[in-house]
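Reading the sequence shown from the start, the letters are residues 119 to 346 in the working numbering.
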Amino acid sequence: MPDWPAHDSVRAVFTTRSQGFSESPYQSFNLGTHVGDESEVVEMNRHLLRELLPSDPLWLNQIHSSRCIDVHSDKSADREADAAVTDCKSLVLAVMAADCLPVLVCTRDGSRIGVIHAGWRGLARDIIGQTLRNRPGDWIAWLGPAIGPCHYEVGEEVRREFDLEDAFERRSSSWMMDLYRIAREQLTRAGVSEIYGGDCCTYCDVEKFYSYRRDGKTGRMAGFIWLT
Numbered sequence: 119m120p121d122w123p124a125h126d127s128v129r130a131v132f133t134t135r136s137q138g139f140s141e142s143p144y145q146s147f148n149l150g151t152h153v154g155d156e157s158e159v160v161e162m163n164r165h166l167l168r169e170l171l172p173s174d175p176l177w178l179n180q181i182h183s184s185r186c187i188d189v190h191s192d193k194s195a196d197r198e199a200d201a202a203v204t205d206c207k208s209l210v211l212a213v214m215a216a217d218c219l220p221v222l223v224c225t226r227d228g229s230r231i232g233v234i235h236a237g238w239r240g241l242a243r244d245i246i247g248q249t250l251r252n253r254p255g256d257w258i259a260w261l262g263p264a265i266g267p268c269h270y271e272v273g274e275e276v277r278r279e280f281d282l283e284d285a286f287e288r289r290s291s292s293w294m295m296d297l298y299r300i301a302r303e304q305l306t307r308a309g310v311s312e313i314y315g316g317d318c319c320t321y322c323d324v325e326k327f328y329s330y331r332r333d334g335k336t337g338r339m340a341g342f343i344w345l346t
């Protein structure tokens, strides 16, 4: 459960990899249908999850873009995007991850909520700014589990995409990248003054989190947020 001072009308959860039906290497609560896991088993996991939610989640087709969609009650929006916002009650937004940074946002008055999938490509395209600056409001944010700077090694070509020097630490011929640092900077630039979470590393915690960088073939976790 995200530890943040969200409005009473906002509900949010984030899954771990435990207490599901998937077998190795997806053990055990894999929610991703695109990673090679048995589709029937993924549906069993999603059915367990559905018991905790007021409606079926809106699953995005995440493409590492800067595109955010505004979702209405009919859920008819094009789902090829990496962020979504809504003001509809009981409509569950979802964001999947297994190293990329999942961000949950809500307005302080509880009138709108959103999810953001922030991998390095999305951050390089200013996915957070594109989402929040185009939708003004008094937003607060929670940063979910992502790969930490202790293990996120990238090349010079990635380093050149960003102007935030203190988000990178030189290691031999590569760089260690801090997704959390960059996300906090983009949130601040977008006018978000209250930012919570951002204290996990998916790579380090084998028992709790999936990590694509660590395992290669693996499952997906997800964050969910909705209005009551």
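Idealized CB from N, CA, C, for every residue including glycine.
Exercise. Can you tell me the Cα-Cα spacing of residue 317 and residue 218, whole angstroms?
Worked result: Counting from one through the sequence shown, the residue named residue 317 turns up at place 199. Counting from one through the sequence shown, the residue named residue 218 turns up at place 100. Using only the alpha carbons, I get a separation of about 14 Å.
Problem set entry | Assigned exposure category for residue 336 - 16 Cβ within 10 Å defines buried | Position 218 of the sequence shown holds residue 336. When all chains shown are included, residue 336 counts as buried.
Exercise. Since residue 165 is in the alpha helix (DSSP H), which residue starts that stretch and which ends it?
Worked result: Locating residue 165 in the sequence shown gives position 47, where the first residue counts as 1. Taken as a continuous stretch (DSSP letters only), the alpha helix (DSSP H) holding residue 165 covers 157–168.
Problem set entry | Anticipated Cβ contact below 8 Å, residue 212 with residue 340, distance rounded | The residue you call residue 212 lines up with position 94 of the sequence shown. The residue you call residue 340 lines up with position 222 of the sequence shown. Going by Cβ atoms, the distance from residue 212 to residue 340 rounds to 5 Å, so yes, they are a contact pair.
Exercise. Residues bridged to residue 220 by DSSP?
Worked result: As a working note, residue 220 is residue 102 in the sequence shown. In DSSP, residue 220 forms a bridge with 235.
Exercise. Beta-carbon separation of residue 327 and residue 131 under 7 Å?
Worked result: Numbered from its first residue, the sequence shown carries residue 327 at position 209. Numbered from its first residue, the sequence shown carries residue 131 at position 13. Not in contact: residue 327 and residue 131 (Cβ atoms no closer than 7 Å).
Exercise. By Cβ distance, which residues of its chain are closer than 6 Å to residue 155, with the 5 residues on each side in sequence left out?
Worked result: Against the sequence shown, residue 155 aligns to sequence position 37. Excluding residues within five positions, the ones whose Cβ falls inside 6 Å are 140, 144 and 148.
Exercise. Where residue 320 and residue 252 are concerned, what is the direct C-alpha to C-alpha distance, given to the nearest angstrom?
Worked result: In the sequence shown, the residue the question calls residue 320 occupies position 202. In the sequence shown, the residue the question calls residue 252 occupies position 134. About 30 Å.
Exercise. From the DSSP output, which residues share a beta bridge with residue 188?
Worked result: The residue given as residue 188 occupies position 70 in the sequence shown. 203.
For this session: Tell whether a beta-carbon distance below 7 Å holds between residue 242 and residue 310.
Result: Sequence index remark: in the sequence shown, residue 242 carries index 124 (1-based). Sequence index remark: in the sequence shown, residue 310 carries index 192 (1-based). In this structure, residue 310 does not lie closer than 7 Å to residue 242 by Cβ.
For this session: Output the residue ranges of the alpha helix (DSSP H) runs that lie fully inside the region 228–290 and measure 4 residues or longer, sorted by chain position.
Result: 238–242, 245–250 and 274–277
Exercise. What first and last residue would you give for the beta strand (DSSP E) that runs through residue 347?
Worked result: In the structure displayed, the chain extends from 119 to 346; residue 347 sits before or after that span and is not available.
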